[in-house]
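Chains as they are written, first to last, in this note's numbering: chain L, 3 to 576; chain U, 10 to 98.
Take a look at the structure set out below.
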């Protein structure tokens, strides 16, 4: 850990904070709660106590802003810089600013709180079904007043539980209208407005009048973002318009075409080519709680740590079950000391010692001839290793129709059908004893069911439990400069594309040699995917290119139709 | 795999993020987060070389200290992060 020069810290333990404004992305109660939990991260391990003020000057003034927001350090649009905070002191010192060009969530997509209805403010349940159709976002279907709504259980028809979703037709926030809804049309400086606008403001926030004439009544509020609204671009608040036309081609879903950064975007009118109106598609967003906990660390006197898993590491990464790292605890206790008074005694489990997972009963459920470990209790796996917390895997491949995720001598399986859920970890050494612990790439020959494994410059071929190898990949005709094979893609019955770096080669399974005319550049054939993907595989008719936590999915028409998170979409993490 | 996909990049109106080269990105990153400028006790400010700044950044991020703008370093620079400089001035 590191503290700021001079060990800047508050000279009192009762630190005050004030929330100056809110983001349109989340309900104000959820934002209040996220900040309160972020402060609790630090008060749990120190004698510090945090008190919220609703007026006046607090030690830590918290605000959301975009781009130039009043200090010397402007934000930079979506992604990149997320927030910043100043070390303890007077004035701007101690304050925390959050970039409102980000999509603020709790880290796993839009959190949509409902209003009115009969669900007492419960969160929307996505997906939900309504009259036989599944919805993954709020809808205006079934209503004539255009108010978006959602079910708060999985099946509206069965449970009849619903509420209304945030929209400017329901309420506004901040401003001076006590949360009254927008009135459309309204007059502002003699002009008529039919929807929320950013006109008249330099901060980019959307607002509306809550009476029919702002010029005379001066009543206004800010518009909450709908869960379907695009982020950033030049159409903040508008939903995607599908289909939309871009460079003469029609798109029915978000696309990364036209961008060099792979971000998914959409048009918000029927033709981008004509109207040039666009925005980024809603994504998982950033956890306001995690980012706030980090920023409040700065506001209390901690500088950036170089421990990757520490909260004070400068990069953002989402963790599901957050707990403060020892490095952060040491840092904050260096400044303020440890918590005084007795710790509450944690409840003790009243059950006897449990059987380690995976146990034998799990294992016997699923015997598989070419996957020997699945029938045994692996002794070398570490069941505490959570694949959902892994940044990337050594390789991902499909064996016997199931996705396999390999990492450091272990692997996990996700069945392709049903909802059996993820299984593992299993031990590579027990399943395929000849293999090393790190597998760079693997594929199953769809014809012979032989499984090819690549690690460094060697490869192995398993047929059932018998193995050939290791052999040098040079024997296949790959040049010595190839250090490892990072992805494998079977094309037809007897050809496999082997990826390494920015190139790929075509391997003939019959001749066991690389075809002439290779290598080729990956980006020359597979447009719109990272040319340095470290996992390439085929799954359910699509090709997946993975880099770190993300995948680019290419459909059979060779269009990248989705960029997503490996852990949520493929590994099925909660 | 017949015809390659021809990617056309366009400039989106209102997009804060502009297309920059990797070198431009790296230079602005190193400057923004305090790796390029060193302030001495005397108050004298000096610029360090890009290679040295890269090494400092790589050490801070737990990356291999190559002093070169390699793939891992570039990826680290593109990740979402806190705006507070890593090297205080």
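Even for Gly, the Cβ is constructed at its ideal location relative to N, Cα and C.
Query raised in the report: Whose C-beta lies closer than 7 Å to the C-beta of residue 481 of chain L among residues of the same chain, with five residues either side of it excluded?
Result: Same-chain partners within the cutoff: there are none.
Report task. Please state if the CB of residue 288 of chain L and the CB of residue 107 of chain L are separated by a distance shorter than 8 Å. Result -> yes
Query - chain U contacts from the stretch 321–340 of chain L (Cβ-Cβ distance under 7 Å) - result: If the cut-off is 7 Å between Cβ atoms, the stretch 321–340 of chain L has nothing near chain U.
Query raised in the report: For the putative contact between residue 44 of chain L and residue 299 of chain L, defined by C-beta atoms under 8 Å, what is the C-beta separation to the nearest angstrom?
Result: Yes, residue 44 of chain L and residue 299 of chain L are in contact; Cβ-Cβ is about 7 Å, under 8 Å.
Query raised in the report: How long is the line joining the alpha carbons of residue 23 of chain U and residue 236 of chain L, rounded to whole angstroms?
Result: 5 Å
Report task. Give the straight-line distance between the Cα atoms of residue 489 of chain L and residue 508 of chain L, rounded to the nearest whole angstrom. Result -> Counting only the Cα atoms, residue 508 of chain L lies some 12 Å from residue 489 of chain L.
Query raised in the report: Since residue 505 of chain L is in the beta strand (DSSP E), which residue starts that stretch and which ends it?
Result: 505–510
Query raised in the report: Taking the alpha-carbon positions, what's the residue 59 of chain L to residue 303 of chain L distance?
Result: So the alpha carbons of these two residues sit roughly 19 Å apart.
Report task. Kindly identify the DSSP beta-bridge partner or partners of residue 210 of chain L. Result -> L:223
Query - Spatial distance of residue 102 of chain L from residue 296 of chain L (CA atoms) - result: 17 Å
Query raised in the report: Should residue 500 of chain L be flagged as near chain U, meaning a C-beta pair shorter than 8 Å?
Result: no
Query raised in the report: Under the rule that 16 or more other beta-carbon atoms within 10 Å means buried, what is residue 356 of chain L, buried or exposed?
Result: Here the model assigns residue 356 of chain L a pLDDT of 30, short of 50, so the residue's position is not dependable and the matter cannot be decided.
Query raised in the report: Which word fits residue 17 of chain L, buried or exposed, when buried means at least 16 other C-beta atoms lie within 10 angstroms of its C-beta?
Result: Under this definition residue 17 of chain L is a buried residue.
Requested in this report: With distances taken Cα to Cα, identify the nearest neighbour of residue 459 of chain L among L:274, L:485, L:48, L:449.
Outcome: Comparing alpha carbon positions, the residue from L:274, L:485, L:48, L:449 closest to residue 459 of chain L is L:485.
Query raised in the report: residue 32 of chain U CB to nearest chain L CB: under 8 Å?
Result: So, not an interface residue.
**Report entry** Minimum C-alpha distance to residue 75 of chain L - residue among U:96, U:30, U:41
**Finding:** U:41
Query - Under 8 Å by beta carbon: chain U residues contacting residue 542 of chain L - result: Result: empty, since nearest Cβ-Cβ is about 19 Å, beyond 8 Å.
Report task. For the alpha helix (DSSP H) containing residue 296 of chain L, list its first residue and its last residue. Result -> 290–302
Query raised in the report: Residues of chain L with a CB under 9 Å from the CB of residue 35 of chain U: which are they?
Result: Residues of chain L passing the Cβ test: none, with the nearest at roughly 14 Å.
Requested in this report: Whole angstroms is fine: what's the gap from residue 352 of chain L's alpha carbon to residue 311 of chain L's?
Outcome: Note that residue 352 of chain L scores 40 on pLDDT, short of 50, meaning its location in the model is unreliable and no value can be drawn from it.
Requested in this report: Determine the chain L residues that contact residue 80 of chain U at a beta-carbon separation under 8 Å, and present them in chain order.
Outcome: By Cβ distance, chain L contributes 534.
Query - chain L within 8 Å of residue 76 of chain U, Cβ atoms only - result: no
Requested in this report: Say whether chain L places a C-beta atom closer than 8 Å to the C-beta of residue 88 of chain U.
Outcome: yes
Query raised in the report: Does the stretch 139–146 of chain L come within contact of the stretch 185–195 of chain L, defined as at least 3 CB pairs closer than 8 Å?
Result: no
Requested in this report: Within its chain, find whatever has a CB closer than 8 Å to the CB of residue 138 of chain L; leave out the 5 residues flanking it on each side and keep chain order.
Outcome: The residues are 128, 129.
Query raised in the report: Just how far apart, CA to CA, sit residue 260 of chain L and residue 563 of chain L?
Result: 13 Å
Requested in this report: Note down, one range per segment and in chain order, each beta strand (DSSP E) of at least 3 residues found wholly within the stretch 427–493 of chain L.
Outcome: 443–446, 453–457, 460–465, 468–474, 489–493
Report task. Anything in the stretch 244–260 of chain L with a Cβ closer than 8 Å to a Cβ of chain U? List those residues in chain order, please. Result -> So the list reads 249, 259, 260, given in the order they occur along the chain.
Query raised in the report: With 8 Å set as the bound, which would you pick, yes or no: does the beta-carbon of residue 363 of chain L sit closer than that to a beta-carbon of chain U?
Result: Low confidence applies here, because residue 363 of chain L scores a pLDDT of 32, under 50, leaving its location unreliable; read the following figure in that light. No, because no Cβ of chain U sits closer than 8 Å to the Cβ of residue 363 of chain L.
Query raised in the report: What does a CB cutoff of less than 6 Å around residue 61 of chain L pick up in its chain, not counting 5 residues either side in sequence?
Result: 17, 18, 96
Requested in this report: Rounded to whole angstroms, what's the CA-CA distance from residue 397 of chain L to residue 309 of chain L? Just pull it up for me.
Outcome: 25 Å
Query - Coil, strand or helix - residue 382 of chain L by DSSP - result: In this predicted model, residue 382 of chain L has a pLDDT of only 48, less than 50, meaning its place in the structure is not dependable enough to derive any value.
Query raised in the report: Between residue 97 of chain U and chain L, is there a C-beta pair that is closer than 8 Å?
Result: At least one CB atom of chain L sits nearer than 8 Å to the CB of residue 97 of chain U.
Query - Cβ contact check for the stretch 159–168 of chain L and the stretch 200–218 of chain L: 3 or more pairs under 8 Å - result: no
Query - Alpha-carbon spacing of residue 408 of chain L relative to residue 174 of chain L, whole angstroms - result: 48 Å
**Report entry** beta strand (DSSP E) segment containing residue 194 of chain L, residue limits
**Finding:** 193–195
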